[in-house]
Amino acid sequence: MEAAIRWSPHSQQQSPHFIVVDVAGNRLRLCEVEHVYKSTVRWKQLAARDKLPNFTAFDWSKTHEHFVAIGSASGEASLLEIDAARPNSDLTQSFPIKHQRKCNSIAFSTSNLLATGLDRVRNDFCMNIYDLNVGSFTAQQEPYKKLASSEAITSIKFFPGHPQTLVAGVSRQCIRIYDLRAQYGTRQVHNLAIDPLDENYIISAGPTGDPTHYTRYTHNLHYPWYDPQYGHDESIRVMAFDFILDLSDTLKTFGVAKRRAKEGYCLDCKKNKQIVANDPWLVGLWELVQRLDDLAKDDGMVADGVDLSYLGVAYIWENSLGGKQNGYRLIGRPSVSSPDFRNVICEIVQEKEYPPFQGVKTQRPEHRQLCLAICGWTFSAQRIRENCKALIEQGQYYKAIVLAVFKGHKDIALDFLKQLVRQRLLQNIGLGAVIACDTVNKDQRELCEWMAEETEDPYLKALLQYFITGNWETVAKIEELSLVDRVGVALKYLDDDQLTQFIKLVSHGARVYGDIEGIVFTGLGERAMDLFEHNIAKFGDVQTAVLVMARTNPLYVTDPRWDYWKDTYFMQMQTWRCFIERTRFIVSHNKVAKTRDGHCLNKPFPRQITIRCMHCQLALARRGDSLVPLADPPPLAAAAPPSALPSSTNIVGSKPSKPAPAPQKTSTPSHNSGLVCPRCGRRMPRCGICMMWLGSPDPATIGGAESLKDEDHEARQMVFCMTCTHGFHGHHARDWFAKHKTCPVPDCQCMCGLLR
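Quick note on numbering: UniProt numbering labels position 263 of the sequence shown as 263, and the sequence is numbered without any gaps.
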């Protein structure tokens, strides 16, 4: 280019500045626009820099208004000052390079980094990054970063929002993004995979057999004083001490989900609240799910052939079952219209014997009553008094008083306020007089403004804000309050149009930001899936999303995302070795995934393990009085290897004999004992510890349950190692591996005890 105009990134509407870049004349001119009339622009020159070296690139500093940079034809970058207040300034800072070649592009970042893109030269870098925050720059000083070895850089720009990231055109062939935060490159470039829960994360691996040097501690020179195993003698006098956070305490946060799973974090809301008691947001979530369970209990949300179970405030207010209507919500009818939906809500409210709505004038009082029940705003004065008392026991004094006022029971609020003042748990600041008044005068309003500025309690501030403005909409917009309470205020005091707008805006924001309090709007419907998707992207809590949405998937909601989250959670529990907890979840989920006719919508899991006779290859399980038919097992079905059950003459682990067809034998006492194959009569393998026959009587046979009643439950259980295929009695394996790690079978070097 011979000339160009570049607008200043610091220009303002009152004084728009631009620079005329005269490449042919080696000159820069700083100008200001004076007046614009139609297609005519009047401007004046403020400052100029003449007699500059031949340059081919230009950029304006993003942080300093009076600094610009040029890239010369020799590859040298120069920092210039061009200021209207100092028109004669000749300040110049140069950044020399070793091999001269053309500078194709130059760019500033918002963190004062200067990047230059150069033509290609052999054995030298073509992109130099200079840090302008270090002060003066000498000729011997190396650039902050050097990139793109022997690759021509044709264009370069920093991302404004990510000053450590830049994009460059490389070798006229591709566009490349550089992250300056990475100090070193990597050779781990194989097996790239993208995190399916957050696509901003990728993982890679190195080549197979890549030599790696491992370093580990072989001894400790000194143990800390607080070490539980090697602590110092208490007889030594200590003059001063302080606690240091142990690294293991810091890493405990990474095992929160595993700890919760071990403690029984499943579908029981009451137990879940105890497990997550240290997280108030999750406690509130499970309280809301508990209310939805109580409302849906015994078909409490079913009327006129429509099931409204687990729907949120937004669905109820909009007379909607969701975008994808599930057939299980409609009982004996193809669809439901908006008038029919209103009749359904009226019938449910009448069935639950809710009192008439007391609040703002509305055309849909039954909708508001049902939505208030979802929010937990009870209608009984006795229940409100009990809830406020529970809040006071938790130390939330102002919250108890304010919620009583919000729910329309000023008498309860005044009773608790007097009680707390007498007990000196709260100071008498004149709040009772303001609550008791129907209207607030000027002096009381000024007092409320003063108290609102001094207090830090969000609920007290919300109540005072209402006394100051007299507008309930301002209270509903206070984000410091619990979203459930904000929705309750909106349902009770905002008119229909204001409430519709409030639900639309706040519910959309909750879904976008993944706020789990937004479940009060979405319920456990389709919109809740969008909310949990964003919540998982922010916090990675797949566990809670799976457990909460298990109540409606697949009964009311059919979304592949939940199936994917469930499979991910199952893989996590498999990694944690939480096999029993996973089975409990499957059983609990099967109970809630049943239709009205008792049909479970969950597909039964394929057989995980099959124990077969080594002679006839018969599966040893029985179904009733008949044997399980032989079938080609799937690849994972034969969890016990073929050598798991040898013939009677072999110890466990020997090679299997060829399968020989044998006629089905009748049931005999030896067959009922469980020590022989019920088809071919061959004995079970021997225990690798006591050398006695393995096997257990079938409890369904005559005398089977009686013989097992007084025995150890693990005594007759067959336990197999999946690596060496040796088998043991359950109690023998338990006692052996409590003290040993290796397999008890002679000449077997398998570390069975480490695989538990």
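Every residue gets a Cβ at the ideal spot worked out from N, C-alpha and C, and that includes glycine.
With C-beta atoms as the reference, is Ala277 less than 8 Å away from Gln543? No, the Cβ-Cβ distance between Ala277 and Gln543 is not below 8 Å.
Who pairs with Ser78 in a beta bridge, going by DSSP? For Ser78, which the question treats as bridged, DSSP gives the partners Ile70, Ser94.
Around the Cβ of His615, are there at least 16 other Cβ atoms within 10 angstroms (buried) or fewer (exposed)? When all chains shown are included, His615 counts as buried.
Run the CB neighbour count on Phe737, radius 10 Å, all protein chains shown included, and call it buried at 16 or more, exposed below. By the 10 Å Cβ count, Phe737 comes out buried.
Could you tell me whether the stretch 276–290 touches the stretch 464–471, where touching means 3 or more Cβ pairs closer than 8 Å? Contact check between the stretch 276–290 and the stretch 464–471: fewer than three CB pairs, one atom from each, fall below 8 Å, which does not count as touching.
What residues in its chain sit with their C-beta under 6 Å from that of Lys93, if we drop five residues either side in the sequence? The identity of residue 93 in the sequence shown is Gln, whereas the question assumes Lys. Once the five neighbours on either side are set aside, the close Cβ partners of Gln93 are Leu79.
Residues in its own chain within less than 6 Å of Arg27 by CB, not counting five upstream and five downstream? If we look at Arg27 and ignore the five residues flanking it on each side, its Cβ neighbours are Asp50.
Can you list the beta strand (DSSP E) stretches of 3 or more residues lying completely in the stretch 468–531, in chain order? Inside the stretch 468–531, DSSP marks no whole beta strand (DSSP E) run of 3 or more residues.
Alpha-carbon to alpha-carbon, Asn200 and Ala193: Taking the straight line from one Cα to the other gives about 11 Å.
Quick one: measure Cβ to Cβ for Gly117 and Ile156, integer angstroms, because I've assumed they're closer than 8 Å. That pair is a contact at about 4 Å.
What span of residues does the beta strand (DSSP E) with Val20 cover, start to end? Segment 17–22, the beta strand (DSSP E) holding Val20.
Helix, strand or coil: which one does DSSP assign to Pro163? Pro163 falls in the strand class under three-state DSSP.
Considering only C-alpha positions, which residue in the set Leu464, Leu426, Gln423, Leu425 is nearest to Ile435? Per the Cα distances, Leu464.
Below 8 Å, how does it come out for the stretch 473–480 and the stretch 488–497: are there three or more Cβ pairs, yes or no? With a cut-off of 8 Å, the stretch 488–497 and the stretch 473–480 count as touching, because enough Cβ pairs lie within range.
Assign Trp7 to one of two classes, buried (16 or more other C-beta atoms within 10 Å of its C-beta) or exposed (fewer than that). Within 10 angstroms of the beta-carbon of Trp7 lie fewer than 16 other beta-carbons, which makes it exposed.
According to DSSP, Lys271 sits in a beta bridge with which residue or residues? Per DSSP, Lys271 has no beta-bridge partner at all.
Leaving aside the five residues before and after Glu81 along the sequence, list all residues of the same chain whose C-beta is less than 7 Å from its C-beta, in chain order. Non-local C-beta neighbours of Glu81 in its own chain, meaning closer than 7 Å and more than five positions away in sequence, comprise His66, Phe67, Ser89, Leu91, ordered along the chain.
Name the residue from Leu425, Cys266, Glu142, Phe720 whose alpha carbon lies nearest to the alpha carbon of Met573. Met573 has its Cα closest to that of Cys266, out of Leu425, Cys266, Glu142, Phe720.
Where does Glu581 land, buried or exposed, given buried means 16+ other C-beta within 10 angstroms? When all chains shown are included, Glu581 counts as buried.
Measure the Cβ-Cβ separation of Leu197 and Ala537 and say whether it is below 8 Å. In this structure, Ala537 lies closer than 8 Å to Leu197 by Cβ.
Looking only at C-alpha atoms, which of Gln382, Arg612, Ala733 sits nearest to Arg683? The residue among Gln382, Arg612, Ala733 with its C-alpha nearest the C-alpha of Arg683 is Arg612.
Could you give the distance in angstroms between the alpha-carbon of Lys399 and the alpha-carbon of Leu481? Spanning the two alpha carbons is a distance of roughly 10 Å.
Using only alpha-carbon positions, find the residue among Thr522, Leu494, His508 that is nearest to Gly359. Gly359 has its Cα closest to that of Leu494, out of Thr522, Leu494, His508.
Let me confirm a value: Gly624 is counted as buried when at least 16 other C-beta atoms fall within 10 Å, else exposed. Which label applies? With a pLDDT of 44 at Gly624, under the threshold of 50, the modelled position of that residue is not reliable, and the figure given next carries that caveat. So Gly624 counts as exposed.
For the alpha helix (DSSP H) containing Trp281, name the first residue and the last one. Here the alpha helix (DSSP H) through Trp281 covers 280–296.
For the 8 Å Cβ check, are there 3 or more pairs between the stretch 337–346 and the stretch 432–449? Taking a contact to require three or more Cβ pairs closer than 8 Å, the stretch 337–346 and the stretch 432–449 do not qualify as touching.
Can you find the residues in the same chain that come closer than 7 Å, C-beta to C-beta, to Ala462, ignoring five residues on each side of it along the sequence? Counting only Cβ-Cβ distances below 7 Å, and skipping sequence neighbours, we find Val402, Val475, Ile478, Leu481.
Run the CB neighbour count on Ser39, radius 10 Å, all protein chains shown included, and call it buried at 16 or more, exposed below. Exposed is the call here.
Could you work out which residue in Gly264, Ile689, Trp693, Gly688 is closest to Leu675 when comparing CA atoms only? Relative to the Cα of Leu675, the nearest Cα in the group Gly264, Ile689, Trp693, Gly688 belongs to Trp693.
Quick one: is Ile5 buried, meaning 16 or more other Cβ sit within 10 Å of its Cβ, or exposed? Exposure of Ile5 is indicated by the presence of fewer than 16 other C-beta atoms within 10 angstroms of its C-beta.
I need the DSSP call for Val676, collapsed to helix, strand or coil. In this structure, Val676 counts as strand in the three-state DSSP scheme.
Bridge partner(s) assigned by DSSP for Asp83: Arg86, per the DSSP bridge assignment.
Would you report the Cα separation of Glu456 and Ile392, rounded to the nearest angstrom? When rounded, the distance between both Cα atoms is 18 Å.
Expressed to the nearest angstrom, what Euclidean distance is found between the alpha-carbon atoms of Thr568 and Phe585? The alpha-carbon atoms of Thr568 and Phe585 are separated by roughly 14 Å.
By Cβ distance, which residues of its chain are closer than 6 Å to Leu295, with the 5 residues on each side in sequence left out? Residues of the same chain with a CB within less than 6 Å of the CB of Leu295, apart from the 5 flanking positions on each side, are Met301 in chain order.
Taking only the alpha-carbon atoms, compute the straight-line gap between Gly518 and Gly430 and give it to the nearest angstrom. Computed Cα separation, rounded: 35 Å.
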